[in-house]
Amino acid sequence: MSQPVLGILTLYLNDRKTLEERPVYEKMIAAGKRIGIHVFVFTPQDVDDGAGRINALHFKPETRSWSRKWVKFPHVIYDRCRIQRSHRFQELLAFRRRYSHLTFLNRPLRNKWTIYKTLSRVPAFRNHLPATKLYQSTEDVTSLLRKYATVYVKPINGTGGRGILRIDRRSEGSYLLQGRNHSRGIVKPKVVSGQSLAPAIRSWDMHGDRYIAQQGLNIKLPNGRVHDYRMLVQKNGSGAWEVTGCAGRIGPAGSITSNLHGGGQAASMNALLRQWVGSEAQISQIKSTAEKLGISVARHLESTYEALCELALDLAIDRNGRIWLLEVNPKPSREVFSKAGERDVYRKAIVRPIEYGLWVYQQRRVSHGHKSSLSAEHRNASSGQPDGNYQPQALNLEAYGVY
């Protein structure tokens, strides 16, 4: 029997064919070798459509060397592609359309606004969602500022804190504007009057993106730095959703975001909650509620948007211990756990998609074998001729998850 094969689908960062997560892929390939599934990396640019083959990137853990080899399509595909403004992303969209019949562990998730609307329809989630509007005019921002002291304006497809604007309403009627540009650089804060607010919002460089306006929360630590939590929810090797881990993130001085790529620091969830909440009983309750929320959100989004294998939830916890879901990321990085000193969680975060990929492959083999046997029985029954290898036996419904 041939070995199962998993292909990690990614995008080159540039035309020099630079890979963004090479060290992570090396660990995933090594994990695959340990558990019995061959793993390689490829991009849409590496596919020969006519020949039905891929000039894939292979890694040998023993020699720590990369090489290319022409291979057939994998049994399952793990899509790690993030949005780019490039011809490479357009090639990805064409690949997904052309090969939509293949087995993907995860399908594309929608943008922040669509996800917000999807979750807000579920009563159990509404209490955890900050008030959010699609930005169509400055009135969408100013109407939120009449209700809330802080409002964030952020791109619906943005990652890593890029292009985010934070507006704070001040007691004397002026507004403090702070933000990060699309290169993640901190934009110098400025104070504007009420009359100058709308022009200031309109002048913010939105980079041609669509934006949302969202209620801001009081998540500044005593030292003035913002903080939040990154929860990773993944399918395990039995096909069930589990919380792999949750770690804290602390933004650098003067930053409105906590993203590690923007200079943030990682911390254990417990250590950060002890600074913020104090009560061990309340901390235990917060963690339990957060985990239930994470699993419920993952299940609901998967039921809405087809196959998913992992999600990162960015959570905020206010002074009253209320948990807020800031956004959902379908292509999460894992380094927050490594940088928080949680090496076991980091290793689990890397291995789980590979274990889940093996499980999906095995389930499909069982399913296809079941269909083939039923098809053979049907042919024999139709012809009236017994198959020499056929022995009538009861169908084990429990094995197929029907019982």
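At position 378 of the sequence shown (counting the first as 1) the number is 375 in the numbering used here, and the numbers step up by one without a gap. Glycine included, every Cβ here is placed at the ideal spot set by N, Cα and C.
Ranking P120, R227, W63 and R362 by CA distance to the CA of R331 puts R227 first.
Comparing alpha carbon positions, the residue from A346, L142 and L323 closest to V333 is A346. Residue state for A313 is assigned as strand, using DSSP reduced to three classes. In this structure, the CA atom of G4 is about 15 Å from the CA atom of H98.
For A264, the three-state secondary structure derived from DSSP is strand. For Y113, the enclosing alpha helix (DSSP H) starts and ends at K109 to S117. Per the DSSP secondary-structure output, T147 pairs in a beta bridge with D165.
With a 10 Å radius around the Cβ and a threshold of 16 neighbouring Cβ atoms, R362 comes out exposed. In this structure, L126 sits near S117, with a CB-CB distance shorter than 8 Å. Excluding the 5 residues flanking it on each side, I161 has same chain C-beta neighbours closer than 8 Å at Y149, V150, K151, P152, G155, G176, R177, I253 and T254, in chain order.
Taking a cut-off of 8 Å on C-beta distances, the region 244 to 264 does not touch the region 347 to 359, as fewer than three cross pairs fall below it. Under DSSP, I80 shares a beta bridge with no residue.
Within the region 211 to 274, complete beta strand (DSSP E) segments of at least 3 residues are found at 224 to 232, 238 to 247 and 262 to 265, given in chain order.
Sequence-distant Cβ neighbours of R104 in its own chain, meaning closer than 8 Å and more than five residues away, are D76, Y302, E303, A304 and L305. Boundaries of the alpha helix (DSSP H) around G291: E277 to Y302.
Rounded to whole angstroms, the gap between the alpha carbons of P350 and K232 is 7 Å.
In this structure the region 25 to 40 touches the region 56 to 69; the number of beta carbon pairs closer than 8 Å is three or more.
Pairing V223 with T241 gives a Cβ-Cβ distance that is not under 8 Å. Considering only Q0, V73, Q42 and W273, the residue with the shortest C-alpha distance to H84 is Q42.
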